[in-house]
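Right, one structure below, let's go through it.
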Amino acid sequence: MDQQPGSYASNRSRRSHRKSRLGCGNCKARRVKCDEAEPNCNNCVRHSIKCDFGQPPKHAPGSVQRTIQPPKPKQKPPTEFSFISSSQSEFRVPKRVRRETDSEKTVSLPDSEPETAVAPRPFQFTTTDMALFHHCFSADDLKGHIPDELVRLGFSVHYVLRLLLAVSGFHLQRKTPGNNSLHLFLEPNVDFGVEAERHLQIAIEGIAAAAPQLNPANSSALYGASIYIFVCSLARGPQPEEYLAFRDDEDMPSLCLFFGIRSILEASTNMGAATEFSQLHPRPSQDNPPESEPEAEPYPTTEIFPYTLNDDNTHNFRPYWKPLNDLQSLIFEMFSPTDSRYFIYQTAFESLCSSYDAILGASVPVPGPELWPRIFTWLYQLPEIIAHDMQKKHPVALLLISFFSVLLNELDSVWFIIGWPRHIVGGVSNCLDDRHRVLLEWPLQTLGMF
């Protein structure tokens, strides 16, 4: 016979209770012990209320049911460094497994804002990277030439550090290909050129993401990075179809990377953030400085053609004067004085003549630290219209870069300049017709190519 709710109303005897964390909802709400009888506990029977102990649990409306998701692999913050093997088997040091806490078993919420920039990559040092970093400060061509401030920036701005590793890799590839003591400690199939390209491409991604947000806080890192991207483009060595100022495939030449230095410097100067940039410049070799500043005979250039072949005091005094006069004659021939391009080309030509006088016309050899600014100042100040004409292979523009290459050859002992002057002039020679190639004879002779 089934129990009726009213038959136990008068029964007040105390009964034993088995401890349990279960019980019906009514007993829990009243904070009394539940005997957990099924289908109705005695407390609910005594109060003539419906007991929910025997029913499956239900969630209250509006309540959120917690879902347990498998833990996601956590990445280290991008400012941390980890060390992994450089083996091709992708070996990773095993980590100790720990039990997941309740606080980690929560529903993952989406980010409040969509991510628009490239996500920063954690920097993972491989054994090959450590070898490249060591080479930066042990190779004679590199140690002492990399500014300390740039190295300090590299530990907080990873694209700077990757550029340093790229320079080191290109140096290993060019100076000691396949014959380096580092291979004794690394896997024999390590290709330092491939490693350098990998670091360079990752660095370019980081710079491309940071450049639109140029500000005083990141201007030093971007300026230093822009210099070393250009250095990397030269450190690769002369490449087919690439001639610094133009390419055979009409892609963007390395000169555009050099103009990136100019753009960042000008923008940083406008915001007052370029005061410490001199600490980021590469340190050239410290030759013995001369006792006095070398004096050069100035190139006699005016708006009207200044000298003739019969003058006693001109062309035989400096071997480059006659070739430069011939180049100026071509400028007069190609552009009329009323043409806006005439003034642009004439100004660039006169600046090039001044560089020749300061470097090749000096009575005392110019020391290394002074050569760099004297040579690259002309390239830095090159108008964009002439740079564009170089890409389009205009004869006058190509001859200008050829005569600049003669000055660049003064740095041919620098490891990442080696081979470039001859490579550039050779590329120009292939682009000129017979009429304009005559003006290229002196650069070809000077570089030992004729």
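Sequential numbering of the sequence shown, starting at -3, is according to this note's numbering. Just so you know, even glycine gets a beta-carbon here, dropped at the ideal spot from N, CA and C. Please read these numbers as outputs of a predicted model, since none were measured by experiment.
Can you give me the C-alpha to C-alpha distance between residue i and residue j, rounded to a whole angstrom?
{"i": "residue 195", "j": "residue 336", "result": "43 Å"}
{"i": "residue 347", "j": "residue 442", "result": "20 Å"}
{"i": "residue 394", "j": "residue 355", "result": "21 Å"}
{"i": "residue 139", "j": "residue 193", "result": "21 Å"}
{"i": "residue 251", "j": "residue 242", "result": "8 Å"}
{"i": "residue 227", "j": "residue 126", "result": "21 Å"}
{"i": "residue 30", "j": "residue 21", "result": "9 Å"}
{"i": "residue 327", "j": "residue 262", "result": "30 Å"}
{"i": "residue 375", "j": "residue 129", "result": "31 Å"}
{"i": "residue 316", "j": "residue 230", "result": "27 Å"}
{"i": "residue 33", "j": "residue 25", "result": "17 Å"}
{"i": "residue 198", "j": "residue 260", "result": "20 Å"}
{"i": "residue 319", "j": "residue 333", "result": "22 Å"}
{"i": "residue 324", "j": "residue 245", "result": "29 Å"}
{"i": "residue 307", "j": "residue 439", "result": "At residue 307, the pLDDT of 48 sits below 50, so the modelled position is not reliable; the number obtained from the coordinates is stated separately. The alpha-carbon atoms of residue 307 and residue 439 are separated by roughly 23 Å."}
{"i": "residue 249", "j": "residue 433", "result": "22 Å"}
{"i": "residue 162", "j": "residue 338", "result": "41 Å"}
{"i": "residue 136", "j": "residue 191", "result": "21 Å"}
{"i": "residue 18", "j": "residue 46", "result": "17 Å"}
{"i": "residue 225", "j": "residue 428", "result": "30 Å"}
{"i": "residue 449", "j": "residue 149", "result": "With the chain covering only -3 through 446, there is no way to say anything about residue 449."}
{"i": "residue 143", "j": "residue 430", "result": "46 Å"}
{"i": "residue 404", "j": "residue 159", "result": "23 Å"}
{"i": "residue 119", "j": "residue 171", "result": "27 Å"}
{"i": "residue 247", "j": "residue 378", "result": "19 Å"}
{"i": "residue 351", "j": "residue 134", "result": "34 Å"}
Can you name the start and end residues of the beta strand (DSSP E) that residue i belongs to?
{"i": "residue 242", "result": "It is not in any beta strand (DSSP E) - residue 242 carries neither H nor E in the DSSP assignment."}
Please check the pair residue i and residue j, which I expect to be a contact at CB under 8 Å, by giving their CB distance rounded to whole angstroms.
{"i": "residue 386", "j": "residue 397", "result": "6 Å"}
{"i": "residue 232", "j": "residue 188", "result": "Their Cβ separation, rounded to whole angstroms, is 12 Å, which puts residue 232 and residue 188 out of contact at 8 Å."}
{"i": "residue 124", "j": "residue 168", "result": "At roughly 10 Å, the Cβ-Cβ gap does not stay under 8 Å, so residue 124 and residue 168 are not in contact."}
{"i": "residue 256", "j": "residue 314", "result": "Between residue 314 and residue 256 the Cβ distance is about 35 Å, and since that is not below 8 Å, they are no contact."}
Check whether the Cβ of residue i sits closer than 7 Å to any heavy atom of the ligand SAH, and report yes or no.
{"i": "residue 388", "result": "Inclusion of the ligand SAH in the displayed structure is not the case, the ligand content being empty and no account of it being possible."}
How should residue i be labelled, buried or exposed, when 16 other C-beta atoms within 10 angstroms of its C-beta is the threshold for buried?
{"i": "residue 238", "result": "buried"}
{"i": "residue 423", "result": "buried"}
{"i": "residue 51", "result": "exposed"}
{"i": "residue 444", "result": "exposed"}
{"i": "residue 402", "result": "buried"}
{"i": "residue 43", "result": "exposed"}
{"i": "residue 213", "result": "exposed"}
{"i": "residue 268", "result": "exposed"}
{"i": "residue 410", "result": "buried"}
{"i": "residue 28", "result": "exposed"}
{"i": "residue 369", "result": "exposed"}
{"i": "residue 384", "result": "exposed"}
{"i": "residue 58", "result": "Here the model assigns residue 58 a pLDDT of 47, short of 50, so the residue's position is not dependable, and the following value carries that caveat. Exposed: under 16 other Cβ atoms inside 10 Å."}
In terms of residues, what are the limits of the alpha helix (DSSP H) holding residue i?
{"i": "residue 209", "result": "Premise fails: residue 209 is in no alpha helix (DSSP H) and is neither H nor E."}
{"i": "residue 129", "result": "123 to 132"}
{"i": "residue 405", "result": "Per DSSP, residue 405 belongs to no alpha helix (DSSP H) and is neither H nor E."}
{"i": "residue 20", "result": "Note, residue 20: premise wrong, no alpha helix (DSSP H); not H, not E."}
{"i": "residue 324", "result": "317 to 330"}
{"i": "residue 346", "result": "336 to 355"}
{"i": "residue 432", "result": "430 to 433"}
{"i": "residue 441", "result": "437 to 442"}
{"i": "residue 30", "result": "Per DSSP, residue 30 belongs to no alpha helix (DSSP H) and is neither H nor E."}
{"i": "residue 150", "result": "144 to 152"}
{"i": "residue 385", "result": "380 to 387"}
Contact the stretch 412 to 432 vs the stretch 353 to 365: 3+ CB pairs below 8 Å: With the cut-off at 8 Å, the stretch 412 to 432 and the stretch 353 to 365 do not touch.
Segment contact flag, the stretch 152 to 169 with the stretch 205 to 221, C-beta cutoff 8 Å, min 3 pairs: Because the criterion of three Cβ pairs below 8 Å is met, the stretch 152 to 169 and the stretch 205 to 221 touch.
At least three beta-carbon pairs within less than 8 Å, the stretch 338 to 353 to the stretch 215 to 227: Taking 8 Å as the limit for Cβ pairs, the verdict is that the stretch 215 to 227 does not touch the stretch 338 to 353.
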